[in-house]
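What follows is one structure encoded as structure tokens, with my remarks underneath.
There are 2 protein chains.
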Amino acid sequence: MVKNRKSCEVPDATVHRLPLYLEKLKLLQAIGVEDVSSRQLAESLDIKASQLRHDFHYFGGFSRPGRPYQVEKLVPALEQIIGIAEPVPTAIIGAGHLGQALANYHNLDVQGFPVRGIFDTNPKLIGLEMRGQPVRDMDELETVIREEKIKIAILTVPSANAQAVADRLVEAGIIGIFNFAPTDLKVPEGVAVRNERLAVGIMSLSFKVKCILQSQEEDIAEV
Amino acid sequence: MVKNRKSCEVPDATVHRLPLYLEKLKLLQAIGVEDVSSRQLAESLDIKASQLRHDFHYFGGFSRPGRPYQVEKLVPALEQIIGIAEPVPTAIIGAGHLGQALANYHNLDVQGFPVRGIFDTNPKLIGLEMRGQPVRDMDELETVIREEKIKIAILTVPSANAQAVADRLVEAGIIGIFNFAPTDLKVPEGVAVRNERLAVGIMSLSFKVKCILQSQEEDIAEV
DNA sequence: GTAGAGTTGTCAAAACCATAACAGAATGCG
DNA sequence: CGCATTCTGTTATGGTTTTGACAACTCTAC
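Taken in order, these protein sequences are the chains called A and B. Positions 4 to 226 (the numbering used here) are the ones given, in order, by the first sequence. Positions 4 to 226 (the numbering used here) are the ones given, in order, by the second sequence.
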């Protein structure tokens, strides 16, 4: 199966678009659309059709020349590629506001990431129910991860604890960490980390806002 | 001031790194570091020094050849560039779990985005206090935005309402929208949108996890 | 004062990604 | 059937971003 190894040698940019394709396709599926051409799909996502076909090309053909894509086939194919053909048991570490928000984010389940464990150190939170899951003491972390075969953890603990918790997660067998703490985690080879920095997002937005305001001022000055 | 207009013609990739530079520099500042070389700073962020210098080069020199960067000068310079030299009044639309999480996210204030208005339609939420701010009825949206001169809005409402709310925001004078709804917002020229899709994040993580698992299986098979 | 180590700003090369172009295939219609 | 249209898969082109390389400059040590 050389193809498997090769199918992982894909640009990050392409990987980030796969979820968008899947999302849109599920929407089409829900309203009963059967066929969709690369152009239709691309336009609805505001990208070029050639880029979409190029992306798909990394994974081999999803259709044949002359025939549009079949939604019914494409959805499971993408799910397979993304790795959510089977539900991926997920844990949330840190039941603060952000952790709660994510635990209650219904879409997580729907999109293939059922939450099988919520953990915190705060005695006031331990025992509370969130979406049918009790908040557990961190003592149980390793046990639950192993029993539930959890592979992905969402980390919403304070920065100061993030690295220590990450170490425990890796030790317990976690392979993917979705990190919301503004800290660069050091993890061994064979563990994937994705940092989600709210601050980066809002600041790059601020940069654009500043540019807009400046150009408006200049436009006025020029009149 | 041609430089202003030019300073906005910067690759997105560079813009996204600016907040990281600033964050790290503030950390250094806090522990009393005065000088820092491009190599030191770059290594701590796990990027190449040449990239950092290249990024800075877009905005003109922050130092002179031979001399390292001075933290005390670099921090305000970056704040200026990002547009947070002055605090940027911000609103949160949607006081659900995610909205609450962000409202309580202390760093928002610290990093230059004081929350000056929290809005929701749910009568049960209206009136509640979050970080010293009452949750207001959406009726007050336009008034508060204008009075507080709010320019940036964080959108955490359900997908179905996102576009309608965005329209109101733009009408009221909002220039930047930080959108957490999985919807592509249509906004007029002169309004910046940044989409933050949690689903995309966790799915691209899942892709990498799947690749790791596959390569592990293959390694075992090869032995 | 001079050599050497270390630094930035700048430009050139390499790697990467997005777009365009096109061959080959299917479909629909007269 | 034959033609026009539409479509994918694939390759080539063009552009952007990252990385490497180096001149010019500063400081320290001796």
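Built from N, CA and C at the ideal position, the CB exists for glycine as well.
Inter-residue spacing [alpha-carbon to alpha-carbon] between residue 4(B) and residue 222(A): To locate residue 4(B), count along the second sequence from 1; it is residue 1. To locate residue 222(A), count along the first sequence from 1; it is residue 219. Unreliable placement is indicated for residue 4(B), whose pLDDT of 33 sits below 50; no coordinate value is reported for it.
Any C-beta of chain A under 8 angstroms from that of residue 103(B): Taking the first residue of the second sequence as 1, we reach residue 103(B) at position 100. Closer than 8 angstroms: yes.
Terminal residues of the beta strand (DSSP E) in which residue 71(A) lies: Here residue 71(A) corresponds to residue number 68 of the first sequence, with the count starting at 1. From DSSP, residue 71(A) is part of no beta strand (DSSP E); its letter is neither H nor E.
Bridge partner(s) assigned by DSSP for residue 149(B): As a working mapping, residue 149(B) is identified with position 146 in the second sequence. Beta-bridge pairing links residue 149(B) to no other residue.
Per-residue DSSP class, three states only, for residue 132(A): Indexing the first sequence from 1 puts residue 132(A) at position 129. Note: residue 132(A) maps to strand in three-state DSSP.
Neighbour flag for residue 8(A) against chain B, beta carbons, 8 angstroms: Taking the first residue of the first sequence as 1, we reach residue 8(A) at position 5. Legend: pLDDT at residue 8(A) = 47, less than 50; position of this residue unreliable, value from coordinates given subsequently. Taking Cβ atoms only, chain B reaches closer than 8 angstroms to residue 8(A), which makes this a yes.
Extent of the continuous alpha helix (DSSP H) run through residue 64(A): Taking the first sequence and counting its residues from 1, the one referred to as residue 64(A) is at position 61. That residue, residue 64(A), is in no alpha helix (DSSP H); it is neither H nor E in DSSP.
Touching by the beta-carbon criterion (3+ pairs, under 8 angstroms), the stretch 158 to 174 of chain B and the stretch 46 to 53 of chain A: no
Residue 91(B) versus 132(B), 120(B) and 218(B), residue with shortest Cα-Cα distance: Within the second sequence, the letter at position 88 stands for residue 91(B). Closest by alpha carbon: 120(B).
C-beta neighbour in chain A for residue 58(B), strict 8 angstroms: Stepping through the second sequence from its first residue, residue 58(B) is reached at position 55. Judged by the 8 angstroms Cβ criterion, residue 58(B) is not in contact with chain A.
Delimiting residues of the alpha helix (DSSP H) encompassing residue 223(A): To locate residue 223(A), count along the first sequence from 1; it is residue 220. Element bounds for residue 223(A): 201 to 225.
Rounded separation between residue 186(A) and residue 109(B) - CA only: Locating residue 186(A) in the first sequence gives position 183, counting from the first residue. Locating residue 109(B) in the second sequence gives position 106, counting from the first residue. Distance between the alpha carbons of residue 186(A) and residue 109(B) is about 16 angstroms.
Within-8 angstroms CB hit, residue 185(B) to chain A: In the second sequence, residue 185(B) corresponds to position 182, counting from 1. Closer than 8 angstroms to some Cβ of chain A, the Cβ of residue 185(B) qualifies, so yes.
7 angstroms CB neighbourhood of residue 107(A) in its chain, flanking five on each side removed: To locate residue 107(A), count along the first sequence from 1; it is residue 104. Once the five neighbours on either side are set aside, the close Cβ partners of residue 107(A) are 133 and 134.
Residue-chain proximity (residue 94(B), chain A), Cβ-Cβ < 8 angstroms: To locate residue 94(B), count along the second sequence from 1; it is residue 91. Closer than 8 angstroms: no.
Residue interval of the alpha helix (DSSP H) (run including residue 17(B)): Within the second sequence, the letter at position 14 stands for residue 17(B). Looking at the DSSP string, the run of the alpha helix (DSSP H) that includes residue 17(B) is 15 to 33.
Proximal residues to residue 93(A) (C-beta, below 6 angstroms), its chain only, five neighbours per side dropped: Taking the first residue of the first sequence as 1, we reach residue 93(A) at position 90. So the list reads 116, 118 and 155, once near-sequence residues are dropped.
Alpha-carbon spacing of residue 82(B) relative to residue 105(B), whole angstroms: Residue mapping note: residue 82(B) aligns to position 79 of the second sequence, counting from 1. Residue mapping note: residue 105(B) aligns to position 102 of the second sequence, counting from 1. Approximately 21 angstroms, taken between the alpha carbons.
Distance, residue 199(B) Cα to residue 97(B) Cα: By 1-based counting over the second sequence, the position of residue 97(B) is 94. By 1-based counting over the second sequence, the position of residue 199(B) is 196. The straight-line gap from Cα to Cα measures roughly 15 angstroms.
Any C-beta of chain B under 8 angstroms from that of residue 161(A): Along the first sequence, one-based indexing puts residue 161(A) at 158. Judged by the 8 angstroms Cβ criterion, residue 161(A) is not in contact with chain B.
Stretch-stretch touch, CB-based, cutoff 8 angstroms, three pairs: the stretch 14 to 29 of chain B with the stretch 188 to 199 of chain A: no
As assigned by DSSP and simplified to three states, the class of residue 11(A): Sequence index remark: in the first sequence, residue 11(A) carries index 8 (1-based). Looking at residue 11(A) - three-state DSSP - the assignment turns out to be coil, as it is neither helix nor strand.
Contact with chain B by residue 207(A), beta-carbon distance below 8 angstroms: Against the first sequence, residue 207(A) aligns to sequence position 204. Yes, its Cβ sits closer than 8 angstroms to a Cβ of chain B.
Straight-line Cα distance separating residue 123(B) from residue 184(B): Counting from one through the second sequence, the residue named residue 184(B) turns up at place 181. Counting from one through the second sequence, the residue named residue 123(B) turns up at place 120. The straight-line gap from Cα to Cα measures roughly 15 angstroms.
Interface residues of the stretch 110 to 124 of chain A facing chain B [CB-CB below 8 angstroms]: 110, 111, 114, 115 and 116
Range of the contiguous beta strand (DSSP E) that encloses residue 158(A): Looking up residue 158(A) in the first sequence gives position 155. Run containing residue 158(A): 155 to 158, per the beta strand (DSSP E) assignment.
C-beta neighbour in chain A for residue 199(B), strict 8 angstroms: The sequence position of residue 199(B) within the second sequence is 196, counting from 1. It does: the Cβ of residue 199(B) has a partner Cβ on chain A nearer than 8 angstroms.
Host beta strand (DSSP E) of residue 182(B) (start-end): As a working note, residue 182(B) is residue 179 in the second sequence. 179 to 182 is the extent of the beta strand (DSSP E) around residue 182(B).
Residue 125(B), enclosing alpha helix (DSSP H) - first and last residue: Taking the second sequence and counting its residues from 1, one reaches residue 125(B) at position 122. No alpha helix (DSSP H) holds residue 125(B); DSSP gives it neither H nor E.
Closest Cα partner of residue 76(B) within the set 57(B), 169(B) and 38(B): Translated into the one-based positions of the second sequence, residue 76(B) becomes position 73. When each option's Cα is compared against that of residue 76(B), the closest is 38(B).
Rounded C-alpha distance that separates residue 180(B) from residue 204(A): The residue given as residue 180(B) occupies position 177 in the second sequence. The residue given as residue 204(A) occupies position 201 in the first sequence. Their backbone Cα atoms lie some 11 angstroms apart in a straight line.
Buried or exposed by the 16-neighbour rule on C-beta atoms within 10 Å, applied to residue 95(B): By one-based count along the second sequence, residue 95(B) stands at place 92. Flag for residue 95(B) reads buried.
Option nearest residue 178(B) by Cα separation, candidates 161(B), 148(B), 100(B) and 111(B): On the second sequence, residue 178(B) is found 175 positions in, with the first residue counted as 1. Of the candidates 161(B), 148(B), 100(B) and 111(B), the one whose C-alpha sits nearest the C-alpha of residue 178(B) is 148(B).
Inter-residue CB distance, residue 86(B) and residue 213(A) (contact presumed, cutoff 8 angstroms): Position 83 of the second sequence, counted from the first residue, corresponds to residue 86(B). Position 210 of the first sequence, counted from the first residue, corresponds to residue 213(A). Indeed they touch by this definition, with Cβ atoms about 3 angstroms apart.
Any C-beta of chain B under 8 angstroms from that of residue 135(A): In the first sequence, counting from the first residue as 1, residue 135(A) sits at position 132. Not an interface residue.
Coil, strand or helix - residue 165(B) by DSSP: Position 162 of the second sequence holds residue 165(B). Of the three classes helix, strand and coil, the one that applies to residue 165(B) here is helix, per DSSP.
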